[in-house]
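Colleague: Residue numbers for the sequence shown follow this note's numbering, beginning at 2 and rising by one. C-beta: ideal position from N, C-alpha, C; glycine also. A quick note: this is a predicted structure, and the numbers were derived from the prediction, not measured.
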Amino acid sequence: QYERGYFMPPVKCNDWVNKEYVDKAPIWCSVDLRDGNQALVEPMSLDEKLEFFQMLVEVGFKEIEIGFPAASETEYEFCRTLIEKNMIPDDVTIQVLTQARPHIIKKTFEAVKGAPRAIVHVYNSTSLAQREQVFKKSKEEVKQIAIEGAKLLKELAEADGGNFLFEYSPESFTGTEPEYALEVCNAVVDIWQPTPDKKCIINLPATVEMSLPHVFASQIEYMSKYMHNRENVIISLHPHNDRSTGVADAELGLLAGADRIEGTLFGNGERTGNVDIITLAMNMYMQGVNPELDLSDMPHLAEVFERLTQMKIDDRHPWCGKLVFAAFSGSHQDAISKGMHYRIEKDPNKWTVPYLPINPEDVGRTYDSDVIRINSQSGKGGVAYVLEHNYGMIVPKAMREDLGYAVKDVSDVHHKELSPDEVLEIFEKRYKKYT
Ligand code: KIV
Ligand code: ZN
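1. Could you tell me which of Val364, Ser126, Phe217 and Asp348 sits nearest to Cys186, measuring between CA atoms?
2. Do three or more CB pairs link the region 298-313 to the region 333-348 at distances below 8 Å?
3. Checking the sheet assignment: what are the DSSP bridge partners for Val234?
4. In the structure shown, what three-state DSSP assignment does Arg401 receive?
5. Give every residue of the same chain whose Cβ lies closer than 7 Å to the Cβ of Phe79, excluding the five residues on either side of it in the sequence, and list them in chain order.
6. Can you list, in chain order, the residues of its chain with a C-beta nearer than 7 Å to that of Val387? Leave out the 5 residues immediately preceding and following it.
7. So, under 8 Å CB-CB, Leu238 and Lys199 are touching, yes? Tell me the CB distance rounded to an integer number of Å.
8. What are the boundary residues of the beta strand (DSSP E) that Val97 is part of?
9. So, helix, strand or coil for His239, using DSSP?
10. Using the beta-carbon count (16 or more within 10 Å), is Asp250 buried or exposed?
11. Could you please give the first and the last residue of the uninterrupted beta strand (DSSP E) stretch that includes Leu166?
12. According to DSSP, simplified to helix, strand and coil, what is Glu111?
13. Quick one: grab the DSSP three-state call for Trp29.
14. Report yes if the C-beta distance between Asp371 and Ala407 is below 8 Å; otherwise report no.
15. Quick one: Cα of Glu149 to Cα of Ser31, how far?
16. I want to check one thing, is the minimum distance from the CB of Ser170 to the heavy atoms of the ligand KIV below 7 Å?
17. Any heavy atom of the ligand ZN inside 7 Å of the beta-carbon of Pro90?
18. What does DSSP give as the partner residue(s) for Pro206 in the beta ladder?
19. Please report the residue range of the beta strand (DSSP E) in which Arg81 lies.
20. Which residues in the same chain as Lys20 place their Cβ atom closer than 7 Å to its Cβ, once the five residues preceding and following it in sequence are excluded?
21. The ligand ZN and Asp16: does any heavy atom of the ligand fall closer than 7 Å to the residue's C-beta?
22. Cβ of Thr246 within 8 Å of Cβ of Pro292?
23. Measuring straight from C-alpha to C-alpha, what distance separates His122 and Lys226?
24. Since Leu253 and Met224 are thought to touch, with beta carbons under 8 Å apart, how far apart are those beta carbons, to the nearest angstrom?
25. Using 7 Å as the cut-off, classify the Cβ of Ile241 as near or not near the heavy atoms of the ligand KIV, replying yes or no.
26. Going along the chain, which residues of its own chain have a beta-carbon closer than 6 Å to the beta-carbon of Val189, five neighbours each way excluded?
27. Any heavy atom of the ligand ZN closer than 7 Å to the CB of Glu142?
28. How close, in whole Å, do the beta carbons of Met287 and Ile359 come, if the pair is a contact with beta carbons under 8 Å?
29. Curious, which full-length alpha helix (DSSP H) runs of at least 4 residues does the region 233-301 contain?
30. Using the Cα positions of Glu426 and Leu419, report the straight-line distance between them to the nearest angstrom.
31. Reducing DSSP to helix, strand and coil, say where Asn187 ends up.
32. Keeping to the same chain, check which residues put their C-beta closer than 8 Å to that of Glu180; ignore five residues upstream and five downstream.
33. Would you kindly check if the distance between the Cβ of Lys63 and the Cβ of Asp24 is under 8 Å?
34. Am I right that Ile278 and Trp29 are in contact with their C-beta atoms under 8 Å? What's the rounded C-beta distance?
35. Are there 16 or more other CB atoms within 10 angstroms of the CB of Gly115, so buried, or fewer, so exposed?
36. Compare the Cα-Cα distances from Gln39 to each of Lys417, Gly274 and His104 and report the closest residue.
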């Protein structure tokens, strides 16, 4: 039996419950090269980080947390390489993470010297558990850490004269009393005094996911409602996925007033991962909302991701797993096949095909190899579809049932999936005498 680890806001907040879906893309920030990287068995090398960075730029991320430069030589060198080799496109801002400790903040400013633009992201943990067990500090003392960190950021940025934006995270926000988290964040905002031209970011991490998503969303709504200088503060979310509801946290959190999301591709990150930006973006796309990220070549993204991180994307990972558009079962195949014909005849611009939430071609998948797949569960419709789409053969209606059973039997006996060529071979053998 456990005590609950989260705290409810002192006022009831749920204006967002009537909204149906996220109707505009948030500001995306990829934290693949920091949170994702720090959770890998073997963190990426400098060259691997450069290749990953390039991929993030191609996908369309405008904000990329590139690392924690004070934490390791590779992280520091990576930051310097991006800056010194002019590898940061004009419309991309790099972000660097630092603890709210003076020597780490100073080293971070050395790392970003000369950057065309940079977000300096400072954090300290504010949760009850960390205050009591790790720091053994009072609320006031922990707030002072945030305040001193915020002041030093401002001072060093002014001294440097560079183009810096500031971000603050009350780390372990989900285990922090909302009133106290608000007090700390407002103290930071008061120091930074953001303006329309120089906003600041307050990032609210579900460092450990502790509650149902609607509870998290209530916490976000509370913070958004009572944040000082709200119009000049960008409220960012940083959900992790301990309860497997990081995506729901992000979606409800956006409905509750957040403006920005920090996450990773395919949900890599500490423990069960950070929120998966691909899932979030594709969920929007499915609702007809432009996610402002280019995910049209998902197989390429998956290949680069798996090679550089040495992680495996699950076959059922939403929107990008190998099997997520596959239909083996006869009734599904039949419905898809009919839906595809209906679409071509009636309205090619609309997507209403049963069992397929989007057109797989939109994410670089093909009908032939990814959708209609043949095994012992398959039916006549699927078999006819495979022959038509791979070889241009229209199987006569009267023949379909017989052929369907023949193909099913072969797959059953050999206990394996059949390729289109194997289906063709069965067809040719069976009807040879008629040809
Ligand atoms: O999960 C977390 O709280 C973090 C912070 C450093 C933002 O990664
Ligand atoms: Zn994190």
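Modeller: Reading from the atomic positions:
1. For the purposes of this step, residue 186 is taken as the residue at position 185 of the sequence shown. Closest by alpha carbon: Ser126.
2. no
3. Locating residue 234 in the sequence shown gives position 233, where the first residue counts as 1. In the DSSP output, where bridge partners are listed per residue, Val234 has Cys201.
4. Walking along the sequence shown from the start, residue 401 turns up at place 400. Helix.
5. Here residue 79 refers to the residue found at position 78 when the sequence shown is read from its first residue. These residues qualify, in order along the chain: Leu47, Lys50, Ile67 and Gly68.
6. In the sequence shown, the residue the question calls residue 387 occupies position 386. These residues qualify, in order along the chain: Ile373, Ile375, Pro421 and Val424.
7. The sequence position of residue 238 within the sequence shown is 237, counting from 1. The sequence position of residue 199 within the sequence shown is 198, counting from 1. 21 Å between Cβ atoms; not a contact.
8. The residue labelled residue 97 in the question sits at position 96 within the sequence shown. Where Val97 is concerned, the enclosing beta strand (DSSP E) stretches over Thr94 to Gln100.
9. As a working note, residue 239 is residue 238 in the sequence shown. Note: His239 maps to strand in three-state DSSP.
10. Stepping through the sequence shown from its first residue, residue 250 is reached at position 249. Buried, because 16 or more other Cβ atoms sit within 10 Å of the Cβ of Asp250.
11. Here the question's residue 166 lines up with position 165 in the sequence shown. Under the DSSP assignment, Leu166 falls in the beta strand (DSSP E) whose first and last residues are Phe165 to Glu172.
12. In the sequence shown, residue 111 corresponds to position 110, counting from 1. Helix, per DSSP.
13. To locate residue 29, count along the sequence shown from 1; it is residue 28. Three-state DSSP puts Trp29 in a strand.
14. Within the sequence shown, residue 371 is the residue found at index 370, counting from 1. Within the sequence shown, residue 407 is the residue found at index 406, counting from 1. Against a cut-off of 8 Å, the Cβ pair of Ala407 and Asp371 comes out as no contact.
15. Counting from one through the sequence shown, the residue named residue 149 turns up at place 148. Counting from one through the sequence shown, the residue named residue 31 turns up at place 30. Rounded to the nearest angstrom, the two C-alpha atoms are 27 Å apart.
16. Translated into positions along the sequence shown, residue 170 becomes position 169. Ser170 Cβ: within cutoff of the ligand KIV.
17. As a working note, residue 90 is residue 89 in the sequence shown. No; taking the cut-off as 7 Å, the Cβ of Pro90 has no heavy atom of the ligand ZN nearer than that.
18. What you label residue 206 is simply residue 205 of the sequence shown in a count that begins at 1. In the DSSP output, where bridge partners are listed per residue, Pro206 has His239.
19. Taking the sequence shown and counting its residues from 1, one reaches residue 81 at position 80. No beta strand (DSSP E) holds Arg81; the alpha helix (DSSP H) holding it covers Glu74 to Glu85.
20. Residue numbering aside, residue 20 sits at position 19 when the sequence shown is read from its first letter. Hits under 7 Å: Leu256.
21. Reading the sequence shown from its first residue, position 15 is the one you call residue 16. Flag unset: Cβ of Asp16 not near the ligand ZN.
22. Stepping through the sequence shown from its first residue, residue 246 is reached at position 245. Stepping through the sequence shown from its first residue, residue 292 is reached at position 291. Cβ atoms of Thr246 and Pro292: not closer than 8 Å.
23. Counting from one through the sequence shown, the residue named residue 122 turns up at place 121. Counting from one through the sequence shown, the residue named residue 226 turns up at place 225. Rounded to whole angstroms, the gap between the alpha carbons of His122 and Lys226 is 23 Å.
24. Translated into the one-based positions of the sequence shown, residue 253 becomes position 252. Translated into the one-based positions of the sequence shown, residue 224 becomes position 223. Distance from Leu253 to Met224 at the Cβ level is roughly 14 Å; contact not present, criterion being Cβ atoms closer than 8 Å.
25. In the sequence shown, residue 241 corresponds to position 240, counting from 1. Here residue 241 is His; the residue named in the question, Ile, does not match the sequence. Result yes, Cβ under 7 Å from the ligand KIV.
26. Taking the first residue of the sequence shown as 1, we reach residue 189 at position 188. Correct list, in chain order: Ala147, Ala151 and Tyr169.
27. Start at 1 with the first residue of the sequence shown, and residue 142 comes out as number 141. Checking every heavy atom of the ligand ZN against the Cβ of Glu142, none is found closer than 7 Å.
28. Translated into positions along the sequence shown, residue 287 becomes position 286. Translated into positions along the sequence shown, residue 359 becomes position 358. The Cβ separation is near 6 Å, so the contact holds.
29. 247-256 and 278-287
30. By 1-based counting over the sequence shown, the position of residue 426 is 425. By 1-based counting over the sequence shown, the position of residue 419 is 418. The straight-line gap from Cα to Cα measures roughly 10 Å.
31. As a first step, residue 187 is located in the sequence shown; it is residue number 186 there, counting from the start. Looking at Asn187 - three-state DSSP - the assignment turns out to be helix.
32. Within the sequence shown, residue 180 is the residue found at index 179, counting from 1. Excluding sequence neighbours, Glu180 sits near Pro10 and Pro11.
33. Start at 1 with the first residue of the sequence shown, and residue 24 comes out as number 23. Start at 1 with the first residue of the sequence shown, and residue 63 comes out as number 62. No. Outside cutoff.
34. As a position in the sequence shown, residue 278 is number 277, starting the count at 1. As a position in the sequence shown, residue 29 is number 28, starting the count at 1. About 6 Å separates the two Cβ atoms, so the contact holds.
35. One-based indexing of the sequence shown puts residue 115 at position 114. The residue is exposed, with fewer than 16 neighbouring Cβ atoms inside 10 Å.
36. Position 38 of the sequence shown, counting from 1, holds the residue named residue 39. Closest by alpha carbon: Gly274.
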